[in-house]
Each structure stands twice: as structure tokens, then as C-alpha cells.
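Step one of this worksheet: look at the structure below.
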Amino acid sequence: MNLLKALKWNMVLIGLATIVMGIFLVVSPDAAALTICLAVGWILLITGAIALFTYYRNKKQGVQISSDLIIGIIEVAFGIAMIVNPGIFAGLIGTVVAVVMFIHGINDITEGFAIRKMGSSSGTPSIVMGALTIVFGAVILINPFATLSALMVLIGVGLIFDGVTELIVAYRTAKFMHDAAKDTDF
Numbered sequence: 002m003n004l005l006k007a008l009k010w011n012m013v014l015i016g017l018a019t020i021v022m023g024i025f026l027v028v029s030p031d032a033a034a035l036t037i038c039l040a041v042g043w044i045l046l047i048t049g050a051i052a053l054f055t056y057y058r059n060k061k062q063g064v065q066i067s068s069d070l071i072i073g074i075i076e077v078a079f080g081i082a083m084i085v086n087p088g089i090f091a092g093l094i095g096t097v098v099a100v101v102m103f104i105h106g107i108n109d110i111t112e113g114f115a116i117r118k119m120g121s122s123s124g125t126p127s128i129v130m131g132a133l134t135i136v137f138g139a140v141i142l143i144n145p146f147a148t149l150s151a152l153m154v155l156i157g158v159g160l161i162f163d164g165v166t167e168l169i170v171a172y173r174t175a176k177f178m179h180d181a182a183k184d185t186d187f
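Here our numbering is used: position 69 in the sequence shown is 70, and no number is missing along the way.
As C-alpha cells, this is what we get:
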């Protein structure tokens with residue numbers, strides 16, 4: 002049961018973090034876009050540097066993993082580019098967020114079907130919320146908005162929705178697992 006408890010708290014933390022990021026995007030869309038680009042740039046620079054360090058460390062030990070070198074170079078290059086000029090990359094945020102929403106939606110649907118397969122109808126809301134999350138991601142990906150600010154607000158609303166659905170799915174999954182555990186106890 003500890004694994005289930007950890008899973009529930011993981012889902013809760015993801016949901017809360019998604020809501021907080023969504024609120025930040027709604028309240029300050031322009032600053033949020035640049036902040037996200039800068040943060041991603043620094044993350045890419047650091048992970049790229051680690052990949053390069055790993056490549057050279059392994060090379061000294063006689064092990065060469067060329068993917069570390071290639072990934073390291075690409076991540077460092079994109080990281081520097083995003084740090085130096087985050088405005089150019091701000092337009093790509095919508096695509097990244099849409100992909101994340103697709104992944105969350107598919108995950109919610111999968112969990113809903115897994116719960117239904119175990120004999121409970123309580124998986125249906127997870128399936129519906131997952132489908133709505135995917136639709137929201139598609140709207141963001143299509144980007145019918147003319148300005149980056151409008152897109153950031155839409156993404157923010159989408160992230161808030163995604164976070165709330167993540168919390169609901171976490172609650173429903175935990176409740177189902179708790180009820181299933183009670184049913185098996187004698």
C-alpha cells in the first residue's frame with residue numbers, strides 16, 4: 002500500500018504544481034513566457050554539461066557512449082540560445098505544454114480504463130477528464146490566438162484545468178484503491 006500512497010501524493014504534487022504554474026501564466030503571461038524559456042534554457046545548459054562531463058569521464062575509463070556527446074552538445078547549444086534570446090523560443094512554449102497535456106490526458110484515460118477493468122465504474126470520470134485535457138491540449142497546439150500573451154493565458158487556464166483534473170483523478174484512484182483494499186481484508 003505504500004506504493005499506492007506514494008503514487009497518490011505524486012499525483013497531488015503534480016496537480017498542485019500544474020495549478021500554480023497555470024495561475025502564474027494567467028496573471029503574468031509575458032513574464033511567464035520569458036521565465037519559462039530562461040528556466041528551460043538553464044536546465045538544458047546544465048543537463049547538457051552533465052552529459053558532456055559524463056561522456057569525457059566515461060571516455061577516460063574506456064567506455065564511449067556517443068549519444069552522451071551528441072545530446073550534450075545539442076542541449077548546451079539550445080540552452081545557451083534560449084538564455085541569450087528567450088523571446089525567440091517563447092513561441093514554442095505552446096507546443097511543449099500541448100504535448101505535456103496530451104501525455105497527462107492519455108495517462109488519465111489509461112488510469113480510468115484500468116479502474117474500470119477492475120470492475121468499478123468510478124474510472125469513467127477519469128476517462129472524460131483525460132479526454133477533455135487532450136482536447137484542451139489540441140486547442141493550445143492549434144493556437145488560434147494572435148498574441149503570445151493570449152496564448153499564455155490559454156495555456157495557464159489549460160494547466161489549471163489539467164492540475165484540477167490530476168487532483169480529482171488522484172482522489173478517485175486513491176479512493177478506489179482504498180475501497181478495493183477494504184474489500185479484500187477479512
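Where a beta carbon is used, it is the ideal one built from N, C-alpha and C, also for glycine.
Please read these numbers as outputs of a predicted model, since none were measured by experiment.
For the putative contact between Val98 and Leu160, defined by C-beta atoms under 8 Å, what is the C-beta separation to the nearest angstrom? At roughly 7 Å, the Cβ-Cβ gap stays under 8 Å, so Val98 and Leu160 are in contact.
Roughly how far, in whole angstroms, is the beta-carbon of Ala151 from the beta-carbon of Ile94, given that I think they are within contact range, below 8 Å? The C-beta distance from Ala151 to Ile94 rounds to 13 Å, too long to fall under 8 Å, and the pair is not in contact.
In angstroms with no decimal places, state the Cα-to-Cα distance between Thr36 and Asn11. Distance from the CA atom of Thr36 to the CA atom of Asn11, rounded to whole angstroms, is 25 Å.
When Leu39, Ala181, Ile84 are compared against Ser123, the one with the closest alpha-carbon: Of the listed residues, the one whose Cα sits closest to Ser123 is Ala181.
Looking at the unbroken alpha helix (DSSP H) that takes in Met119, where does it start and where does it end? Run containing Met119: none; DSSP gives neither H nor E here.
Answer with buried or exposed for Phe90, where buried requires no fewer than 16 other C-beta atoms within 10 angstroms of its C-beta. So Phe90 ends up on the buried side.
Coil, strand or helix - Gly23 by DSSP: Under the three-state reduction of DSSP output, Gly23 falls in the helix class.
Cys38 versus Ile141: straight-line alpha-carbon distance, rounded: Spanning the two alpha carbons is a distance of roughly 17 Å.
Between the Cα of Thr48 and the Cα atoms of Gly73, Val165, Met178, which residue gives the shortest distance? The residue with the shortest Cα to Cα distance from Thr48 is Gly73.
In the segment 57-102, which residue ranges form an unbroken beta strand (DSSP E) of at least 3 residues, counting only runs that do not cross its ends? The DSSP assignment places no complete beta strand (DSSP E) segment of no fewer than 3 residues inside the segment 57-102.
Does the beta-carbon of Ala52 have 16 or more other beta-carbons within 10 angstroms, so that it is buried, or is it exposed? Ala52 should be labelled buried.
Just confirm the distance between the C-beta atoms of Leu46 and Val77, as a whole number of angstroms; I'd bet it's less than 8 Å. Sure, about 6 Å apart at Cβ, within 8 Å.
Can you tell me the Cα-Cα spacing of Ile84 and Ile75, whole angstroms? Looking at the backbone, the Cα of Ile84 and that of Ile75 are separated by about 14 Å.
Quick one: Cα of Val136 to Cα of Asn108, how far? In a straight line, the C-alpha of Val136 is about 14 Å away from that of Asn108.
Work out the CA separation of Asp184 and Gly92 for me, nearest whole Å. If I take the Cα positions, the gap works out to 51 Å.
Reduced DSSP category for Phe187 - H, G, I as helix; E, B as strand; rest coil: Caution applies to Phe187, whose pLDDT of 49 falls short of 50 and renders its modelled position unreliable; the model cannot decide the point.
Nearest candidate by alpha-carbon position, reference Phe177, set Thr96, Leu26, Gly63, Phe114: Of the candidates Thr96, Leu26, Gly63, Phe114, the one whose C-alpha sits nearest the C-alpha of Phe177 is Phe114.
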